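Residues 2 to 544 in UniProt numbering are what the sequence shown spells out, letter by letter.
Don't be surprised by glycine CBs; every beta carbon is placed ideally from N, CA and C.
The model shown is predicted, which means the values in this text are computed figures rather than measured ones.
Here's the structure we're looking at; comments come further down.
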Amino acid sequence: TKQTEWWRGAVIYQIYPRSFQDQGGDGIGDIPGVTSRLEHVASLGVDAIWLSPFFTSPQADMGYDVSDYCDVDPMFGTLADFDAMMAEAHRLGLKVIIDQVISHTSDQHPWFKESRASRDNPKADWFVWAEPKPDGTAPNNWLSVFGGPAWEWDGTRKQYYMHNFLTSQPDLNFHNPEVQNAVLEAARFWLDRGVDGFRFDTVNYYFHDRKLRDNPPLSEEGVFGLDAPDVNPYGMQNHLYDKTQPENIGFLRRMRALLDQYDDRATVGEVGDGARSLQTVAAYTQGGDKLNMCYTFDLLSPDFTPGHIRRSVEGFFRAVSDGWVCWAFSNHDVERHVSRFMESEAERESIAKLALTLIATLKGSVCLYQGEELGLPEADLAFEDLRDPYGIRFWPAFKGRDGCRTPMVWEAGRAHGGFSTAKPWLPVPYEHAVLAVDAQEADPHSVLHHYRAALAFRKAHGVLRDGSITFLDAPEGVLAFVRENDTEKLLFVFNLGREAASFLIPPELGRTVPVAIPAAAVREANGRVDLDAFDVFCAECRR
Ligand code: TEU
């Protein structure tokens, strides 16, 4: 079978179907809605879409709790709607990546219903069941990401089952080969339907330590925010045993072998493994026989400084020599990046443009999140509006993930930004409505037009897809690097700071010729580049 590595250096656009476009008029986005808006996505110049879960689900975790891996939730449409969506995407030249949430199921999945019915049914061992300690308490100290112990008591089996997230998201037991076979068959179902790849949710959570050893505690020092011991003690453990076990390598090889039966199918795995993330990514992507790419959390942080970006990118390619990364500033789990990075509204548009130019020129693939092409800020929601159980539990220490999940805004003059004719499941803030797609189409200086221009720039320079990256020392606030392949060598300089800055082009780079780059004024003379706050400069190094 043919493998073209189309994913290497690709730009992927993440669609959160609940919040993209509602066609059905129930206030919740759906697959026909996605189809109707794909021309907008294609117009950005991206290579692929990643669709967050649309599978049958009680929606306790907004679809990341699946009760049937091989069907579409009626709320989102039908399999026929999915096929039509995929046909339209392919007509527009977009690849389609879908989420696979196989580390856990919903507690409403028939597999779990059967498993919990008794200790000796055929699926008794499909989930992680364990005896209580002699005093009746949980088998060990493992914690759930979403708060509380990772163990829930089941009165019928008189045993605990494990859940890394909600109690209604029981963890599948990957040590059981039947479980592996079953999730591989579900993946095959979608491959046969023609999807171009998968995004594997929580890919390092598939296996747990069979001995159920306690996680060692971390020191409380430096643990703050959501991880503070009085908020959610999850961050107080070194998660050595509840995830990232060595057996996963074998499973990822099985998954790749399945995909290799088809042309050109790509995989990206979500790896959140704290300080060990790079080691895990290396193990999962090295050698080309497991995952194609990993998605790390490095650039999802509030740190938008040259030091952090340089450390993240250099750290990645040092640790992961022949693996590949997919960078993202935003997704459906974190505060929107303009809000993380800006100090005031006045900076929002400049930061939206600068961040995109930066991520589009880094080495790696890129994942964009719906709405960032409009420079949308995080929505400020009231407690009453919240739908995310994670936020409801930890409010106000953590406001949850709804602020980045509010609906897309398409038409400034229509109710709910044109997202739906009904009251949307999360409100559309007024300050979003005025940033709608149609308003930005009409403004040549909009963030939206910048996205098209910067992504076209990336397409026009092959070196941005396949070139090496070398960082240069630069003054405070400035990030500088060179991208190079056999045919092209480009210098990029970004001022991430709020003060004007100068950068001296190192003489070793030889003769440089400024290159026009979207949203930047050329300000270079005699090897000295002057940059305003949030300015960018690009030059070609002639050989
Ligand atoms: O997220 C995995 C994950 O590690 C999250 O706990 C993440 O760190 C957190 O949401 C950040 O605030 C994936 C999905 O992306 C997320 O939406 C799901 O809730 C989670 O898995 C469980 O399936």
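Would you kindly check if the distance between the Cβ of residue j and the Cβ of residue i is under 8 Å?
i: V479; j: V537; result: no
i: N165; j: D108; result: no
i: L39; j: P18; result: no
i: D66; j: Q170; result: yes
i: D323; j: Q287; result: yes
i: H451; j: P519; result: yes
i: R158; j: W130; result: yes
i: F190; j: L167; result: no
i: Y206; j: L253; result: no
i: A188; j: Q101; result: yes
i: G468; j: R484; result: yes
i: E271; j: F201; result: yes
i: N233; j: W143; result: no
i: R341; j: C405; result: no
i: G78; j: P133; result: no
i: T513; j: D265; result: no
i: T203; j: S104; result: yes
i: T281; j: D274; result: yes
i: E221; j: P230; result: yes
i: R194; j: D84; result: yes
i: G198; j: W8; result: yes
i: T422; j: G26; result: yes
i: K96; j: A49; result: yes
i: P507; j: L473; result: yes
CB-CB under 6 Å to residue i, same chain, minus the five flanking residues each way: which ones, in chain order?
i: G236; result: V224, D228
i: L369; result: Y14
i: A118; result: none
i: H110; result: S68
i: I470; result: K364, F482, R484
i: R466; result: G10
i: E525; result: P515
i: P425; result: G28, P408, H417
i: R459; result: A361, L465
My output table needs one value for residue i: the three-state DSSP class, helix, strand or coil.
i: D323; result: coil
i: L268; result: A small fix is needed here, since residue 268 is Thr in this sequence, not Leu. Three-state DSSP puts T268 in a strand.
i: N205; result: helix
i: D82; result: helix
i: V515; result: Sequence inspection shows Pro at residue 515; the Val mentioned does not correspond to that position. Here P515 sits in strand by DSSP.
i: T36; result: helix
i: A11; result: coil
i: Y17; result: coil
i: T488; result: coil
i: D439; result: helix
i: W112; result: helix
i: S345; result: coil
i: W154; result: strand
i: F458; result: helix
i: R529; result: strand
i: Y285; result: helix
i: L213; result: coil
i: Y263; result: coil
i: M76; result: coil
i: M87; result: helix
i: A187; result: helix
When DSSP builds the beta bridges, which residues end up paired with residue i?
i: I98; result: W51, G198
i: S107; result: The partner list for S107 (beta bridge, DSSP) is empty, contrary to what the question assumes.
i: P218; result: Q238
i: N496; result: V479
i: I470; result: R484
i: L505; result: R529
i: S366; result: C327
i: E541; result: L491, V514
Leaving out five residues before and five after residue i in sequence, what residues of the same chain have Cβ atoms less than 7 Å from its Cβ?
i: residue 1; result: Absent from the model: residue 1. The displayed extent of the chain is 2 to 544, so no value can be given.
i: L456; result: V12, L45, G46, V47, A361
i: P307; result: A475, G478, V479, L480, L497
i: F384; result: W396
With a threshold of 8 Å between beta carbons, is residue i in contact with chain B?
i: M237; result: Among the protein chains of the structure shown there is no chain B, as only one such chain exists.
Can you list, in chain order, the residues of its chain whose CB lies under 8 Å from that of residue i, leaving out five sequence neighbours each side?
i: D403; result: A380, L382, D386, L387, R388, D389, G392, L427
i: L185; result: R255, M256, L259
Run the proximity test for residue i: is its beta-carbon closer than 7 Å to any non-hydrogen atom belonging to the ligand ZN?
i: R402; result: Because the ligand ZN does not appear in the structure shown, any question about it cannot be addressed here, the ligands present being the ligand TEU.
If contact is defined by three or more beta carbon pairs under 8 Å, each pair taking one atom from either stretch, is the stretch 307-324 in contact with the stretch 344-358? no
Tell me, please, whether the stretch 445-463 touches the stretch 52-66 by the rule of three or more beta-carbon pairs shorter than 8 Å. no
Flag this pair as touching only if the stretch 322-336 and the stretch 289-302 have three or more C-beta atom pairs under 8 Å; answer yes or no. yes
Are there three or more Cβ pairs, one per stretch, closer than 8 Å when the stretch 105-125 is compared with the stretch 290-298? no
Are there three or more Cβ pairs, one per stretch, closer than 8 Å when the stretch 374-385 is compared with the stretch 426-442? yes
Within the chosen definition, does the stretch 176-187 reach the stretch 75-94 through at least 3 CB pairs nearer than 8 Å? no
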